[in-house]
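Student:
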Amino acid sequence: MGKKQVESKLIKLGSNPEKHHGSLSDPIYKTSTIIFDNYKNFLKAKKDRFNLPYYGRFGNYTTKRFENIISQVYQSEASVVTSSGLSSITICLLSFLSKGDEVLVTENCYEPVFNFCSKELKKFGIKTHFFKNNNIIQLEKLLNKKTKVIYLESPGSLNFEVEDIEKVIKIAKKRKIITIIDNTWATFLGFNPLKWGIDVAIESCTKYFSGHSDNFCGIIACSKTNYQKIKQTAVRMGDFVSAESCSYAMRGLKTLFLRLKKHESNAMVIFKYLQKKDSVKKIFFLPDKNNPNHERWKKYFNNSNGLITFAIKRNGNIENFLDSLNLFKIGFSWGGYESLILPLNRIVPTNKNYMKRWYWFRIHIGLESTNDMIFDLEQGFNNYEKK
Ligand SMILES: Cc1ncc(COP(=O)(O)O)c(C=O)c1O
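In our numbering, the protein residues as written are 6 to 392.
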């Protein structure tokens with residue numbers, strides 16, 4: 006991306022006014038059919054259909070340009086954009102796994118990944134072993150000749166455990182095992198897995214990247230060789246991402262740097278508030294110096310974000326707590342401008358590690374005033390404590 010500061014580079018990235026009548030933002034190309042000048046060009050496109058304009062589902066000007074931007078931000082040889090973060094993950098797993106293969110998956114992955122591996126991959130004769138974060142001994146024990154992929158998510162969903170990625174890569178490289186990581190938590194701004202030797206980096210652009218809770222898409226950054234495999238699977242599976250989705254994601258990219266900083270600083274204020282509450286029994290927040298993953302997080306990541314998970318005792322009125330919140334809305338996902346709260350009866354899929362006597366919430370700290378957030382939470386806690 007050149008020598009400028011990243012926030013300057015992101016503003017310039019993908020703007021081509023000279024090609025588009027002076028328009029600072031590129032137009033959205035909506036294409037199913039692409040026509041060819043002549044037979045020779047048709048044959049040429051057919052031969053190189055993942056790279057040249059061929060058929061809309063394979064990509065068009067807008068989606069290809071977005072892929073090119075992803076390659077620039079991840080400094081990767083190639084990139085694939087898919088319809089969602091989850092489709093990026095499932096497409097990548099299917100690209101490298103065949104009948105009889107085995108995959109090692111971090112236990113604290115996003116729950117639908119756990120389900121995909123244990124239910125869908127199983128149908129195709131692919132065996133999944135889930136391993137505990139940072140348990141290299143267990144990881145090595147699970148490896149065998151059939152292991153083709155190690156799948157990581159770091160920090161992990163809900164508990165934000167950080168993997169010692171360097172150690173995993175060393176093991177994988179020695180055995181020529183493909184490594185895939187879900188990098189949604191950090192975004193490319195906070196961590197570039199490819200620089201550490203990970204083969205495939207995935208990000209759900211549904212989250213911070215797009216940032217407005219109105220878009221779905223996923224990105225995959227990888228080498229040219231892996232691109233061929235992944236793109237082939239995406240096309241064969243019929244995955245399709247609209248030009249509008251790519252355009253929304255590119256628009257989100259312009260403010261991503263700024264938004265992340267604000268999510269981060271707002272989350273710090275709310276963390277400090279939660280720390281003082283007697284009802285709060287446990288908090289998972291990586292900038293917390295007492296978090297056992299804090300040092301590993303500092304080793305790998307340049308940023309934090311707006312996610313905090315905390316637990317309260319079950320003896321208060323949980324329903325009162327949730328229903329008296331106005332600013333924190335109950336809802337899935339995260340990474341948009343708004344604050345959200347997700348009630349968690351247990352930390353899935355790693356529930357066995359956490360105290361069942363507590364009730365858990367994952368909150369996403371949005372861009373509102375932290376005074377208003379505290380006022381809202383305070384109201385919730387007051388009503389929770391009322392019998
Ligand atoms: C860590 C993580 N990865 C992937 C996904 C899936 O992304 P999408 O909703 O775009 O399919 C999610 C969604 O919540 C997520 O939290």
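By construction, the Cβ of each residue, glycine as well, lies at the ideal position given by its N, Cα and C atoms.
(1) Does the separation of the CB atoms of Thr238 and Ile96 fall below 7 Å?
(2) Alpha carbons only, please: which of Ala316, Asn376 and Leu148 is nearest the one belonging to Ile352?
(3) Decide if Glu171 is buried, meaning its Cβ has at least 16 other Cβ atoms within 10 Å, or exposed.
(4) Taking buried to mean at least 16 other C-beta atoms within 10 Å of its own C-beta, is Lys236 buried or exposed?
(5) Going straight from the alpha carbon of Lys266 to that of Asn310, what length do you get?
(6) Counting C-beta neighbours from all protein chains within 10 Å, is the total for Thr67 16 or more, i.e. buried, or is it exposed?
(7) Taking the alpha-carbon of Glu112 as reference, which of Leu98, Glu158, Ser76 and Phe101 has the nearest alpha-carbon?
(8) Tell me which residues share the same chain as His25 and place their Cβ nearer than 7 Å to its Cβ, disregarding the 5 neighbours each side in the sequence.
(9) Name the DSSP bridge partner or partners of Gly223?
(10) Nearer than 6 Å: is that true of the beta carbon of Asp187 relative to any heavy atom of ligand 1?
(11) Assign Glu107 to one of two classes, buried (16 or more other C-beta atoms within 10 Å of its C-beta) or exposed (fewer than that).
(12) What are the start and end residues of the alpha helix (DSSP H) that includes Arg256?
(13) Give the secondary structure of Val167 by DSSP, where H, G and I count as helix, E and B as strand, and everything else as coil.
(14) What is the rounded straight-line gap between the Cα of Phe289 and the Cα of Trp363?
(15) Can you give the Cα-Cα distance for Glu249 and Phe214, rounded to whole angstroms?
(16) Taking DSSP's pairing of strands, which residues face Pro22 in a bridge?
(17) Between which two residues does the alpha helix (DSSP H) containing Thr192 stretch?
(18) Relative to ligand 1, is the shortest distance from any of its heavy atoms to the C-beta of Leu91 smaller than 6 Å?
(19) Examine ligand 1 and report whether any of its heavy atoms sits within less than 6 Å of the Cβ of Ser162.
(20) For the beta strand (DSSP E) that contains Asp187, what are its first and last residues?
(21) Use the C-beta contact count for Leu258: other C-beta atoms within 10 angstroms, 16 or more gives buried, fewer gives exposed.
(22) Closer than 8 Å by C-beta to Val240: which residues in its own chain qualify, once you throw out the five before and the five after it? Chain order, please.
(23) Measuring straight from C-alpha to C-alpha, what distance separates Tyr232 and Val173?
(24) Tell me, which residues are paired with Glu158 by DSSP?
(25) What residue range does the beta strand (DSSP E) around Thr133 cover?
(26) Work out the CA separation of Ile323 and Pro297 for me, nearest whole Å.
(27) Name the residue from Asn197, Lys146 and Asp219 whose alpha carbon lies nearest to the alpha carbon of Lys304.
(28) So for Leu327, helix, strand or coil by DSSP?
(29) Reducing DSSP to helix, strand and coil, say where Phe245 ends up.
(30) Give a single yes or no on whether Tyr305 has its beta carbon closer than 6 Å to a heavy atom of ligand 1.
(31) When you compare the CB positions of Lys153 and Phe221, do they come within less than 7 Å of one another, or not?
(32) Does the beta-carbon of Tyr44 have 16 or more other beta-carbons within 10 angstroms, so that it is buried, or is it exposed?
Tutor: The short version:
(1) yes
(2) Ala316
(3) exposed
(4) buried
(5) 8 Å
(6) buried
(7) Glu158
(8) Asp31 and Pro32
(9) Thr87 and Ser209
(10) yes
(11) buried
(12) Ala248 to Gln280
(13) coil
(14) 14 Å
(15) 14 Å
(16) Looking at the DSSP assignment, Pro22 forms no beta bridge with any residue, so it has no partner.
(17) Thr192 to Gly195
(18) yes
(19) yes
(20) Ile183 to Asp187
(21) buried
(22) Phe55, Arg62 and Phe63
(23) 22 Å
(24) Asp187
(25) Lys132 to Phe136
(26) 28 Å
(27) Asn197
(28) helix
(29) coil
(30) no
(31) no
(32) exposed
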